[in-house]
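Student: The structure follows.
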Amino acid sequence: NAGVTQTPKFRVLKTGQSMTLLCAQDMNHEYMYWYRQDPGMGLRLIHYSVGEGTTAKGEVPDGYNVSRLKKQNFLLGLESAAPSQTSVYFCASRKGGSGNTIYFGEGSWLTVV
Amino acid sequence: EDKVVQSPLSLVVHEGDTVTLNCSYEVTNFRSLLWYKQEKKAPTFLFMLTSSGIEKKSGRLSSILDKKELFSILNITATQTGDSAIYLCLNAGGTSYGKLTFGQGTILTVHP
Numbered sequence: 097n098a099g100v101t102q103t104p105k106f107r108v109l110k111t112g113q114s115m116t117l118l119c120a121q122d123m124n125h126e127y128m129y130w131y132r133q134d135p136g137m138g139l140r141l142i143h144y145s146v147g148e149g150t151t152a153k154g155e156v157p158d159g160y161n162v163s164r165l166k167k168q169n170f171l172l173g174l175e176s177a178a179p180s181q182t183s184v185y186f187c188a189s190r191k192g193g194s195g196n197t198i199y200f201g202e203g204s205w206l207t208v209v
Numbered sequence: 004e005d006k007v008v009q010s011p012l013s014l015v016v017h018e019g020d021t022v023t024l025n026c027s028y029e030v031t032n033f034r035s036l037l038w039y040k041q042e043k044k045a046p047t048f049l050f051m052l053t054s055s056g057i058e059k060k061s062g063r064l065s066s067i068l069d070k071k072e073l074f075s076i077l078n079i080t081a082t083q084t085g086d087s088a089i090y091l092c093l094n095a096g097g098t099s100y101g102k103l104t105f106g107q108g109t110i111l112t113v114h115p
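In the order they appear, the protein sequences are chains A and B. So the first sequence is residues 97 to 209, counted in my numbering. So the second sequence is residues 4 to 115, counted in my numbering.
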């Protein structure tokens with residue numbers, strides 16, 4: 097029972113390169129989230145999804161795209177990486193409805209040089 | 004716009020001290036408020052609060068919600084060095100269904 101798994105855990109990119117972060121959960125959760133965490137900024141929501149095939153923008157969506165083709169997977173794409181996207185990325189998921197706790201992945205450390 | 008504001012942003016104490024962390028919110032369609040502790044990696048769950056005035060307790064940690072004044076507090080008594088972490092407040096609700104809004108976090112450092 098893996099919970100929420102993020103891959104890769106560490107990556108260094110050159111400016112302008114593209115990459116995809118994968119989040120997979122095996123708990124049959126409806127809602128999934130991508131956050132970035134920067135020093136002194138807390139966790140800021142990039143995009144989220146309330147179900148398979150649906151996505152919505154969070155607080156800081158620019159420069160990122162997402163897809164939720166399968167319920168268990170939520171992909172975060174960087175089409176043209178920029179140094180400002182150097183951050184730690186966390187994926188999270190939870191069951192639909194109110195009153196449910198959120199489960200986090202272990203984080204993905206991304207550096208853009 | 005939904006807002007969650009934590010204070011203080013950082014706090015340095017000595018072992019044995021008691022600390023109170025604050026989380027205030029302005030969120031439409033409030034559903035629940037959650038507290039998480041983050042050490043080196045992913046945040047770990049502490050409490051979920053949905054009703055006003057009911058204290059949740061776990062060992063030396065306790066938390067309470069005031070839905071009239073729109074805030075929550077997290078208390079840690081007899082702090083230990085292992086309590087050093089970022090404490091995150093999270094509001095589930097808001098104008099967009101399913102959205103989760105975090106506060107900036109409080110960095111707690113406990114010295115021996």
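Backbone N, C-alpha and C fix where the C-beta goes; we use that ideal spot for every residue, glycine too.
(1) Cutting at 7 Å between CB atoms, please list the residues of its own chain near A/T103, excluding the five before and the five after it.
(2) Using a Cβ-Cβ cut-off of 6 Å (strictly less than) and excluding sequence neighbours within five positions of B/S35, which residues of its own chain qualify?
(3) Using a Cβ distance threshold of 8 Å, determine whether the region 171-179 of chain A contacts the region 152-161 of chain A, with at least three qualifying pairs required.
(4) Taking buried to mean at least 16 other C-beta atoms within 10 Å of its own C-beta, is B/D69 buried or exposed?
(5) Hey, A/I142 and A/L172: beta-carbon distance below 9 Å or not?
(6) DSSP state of B/T98, grouped into three classes?
(7) Mind the definition here: the region 127-134 of chain A touches the region 189-198 of chain A only if three or more C-beta pairs lie below 8 Å; say whether that holds.
(8) Over what stretch of residues does the beta strand (DSSP E) that includes B/S10 continue unbroken?
(9) For B/Q107, which residues in chain A fall below 8 Å Cβ to Cβ?
(10) Name the two residues that bound the continuous beta strand (DSSP E) containing B/D69.
(11) Once DSSP output is grouped into helix, strand and coil, what is the label at A/D134?
(12) In chain order, what residues of the same chain have a beta carbon less than 6 Å from the beta carbon of A/K167, not counting five sequence neighbours either side?
(13) With H, G and I counted as helix, E and B as strand and the rest as coil, what does DSSP make of B/T21?
(14) Name the DSSP bridge partner or partners of A/A178?
(15) Suppose the cutoff is 6 Å on Cβ atoms and the five residues either side in sequence are ignored; what does the same chain contact list for B/S65 look like?
(16) Does the Cβ-Cβ distance between B/N25 and B/F105 come in under 9 Å?
(17) If you measure between the beta carbons of A/G154 and B/K102, is that distance less than 9 Å?
(18) Could you compute how far the alpha carbon of A/R107 sits from the alpha carbon of B/V8?
(19) Verify the CB distance criterion: does B/T98 have a CB-CB separation below 9 Å to chain A?
(20) What residues in its chain sit with their C-beta under 6 Å from that of B/I89, if we drop five residues either side in the sequence?
Tutor: Result, derived from the coordinates:
(1) L118
(2) M51, T53, A95
(3) yes
(4) exposed
(5) yes
(6) Caution applies to B/T98, whose pLDDT of 48 falls short of 50 and renders its modelled position unreliable; the value that the coordinates give is listed next. Correct three-state label for B/T98: coil.
(7) yes
(8) 6-10
(9) G136, M137, G138
(10) 64-69
(11) strand
(12) E148
(13) coil
(14) A/A178 pairs with nothing; no bridge assigned.
(15) E58, N78
(16) no
(17) yes
(18) 31 Å
(19) For B/T98, the predicted structure reports a pLDDT of 48, less than 50, and the residue's modelled location is therefore unreliable. The matter cannot be settled from this model.
(20) Q41, G108, I110
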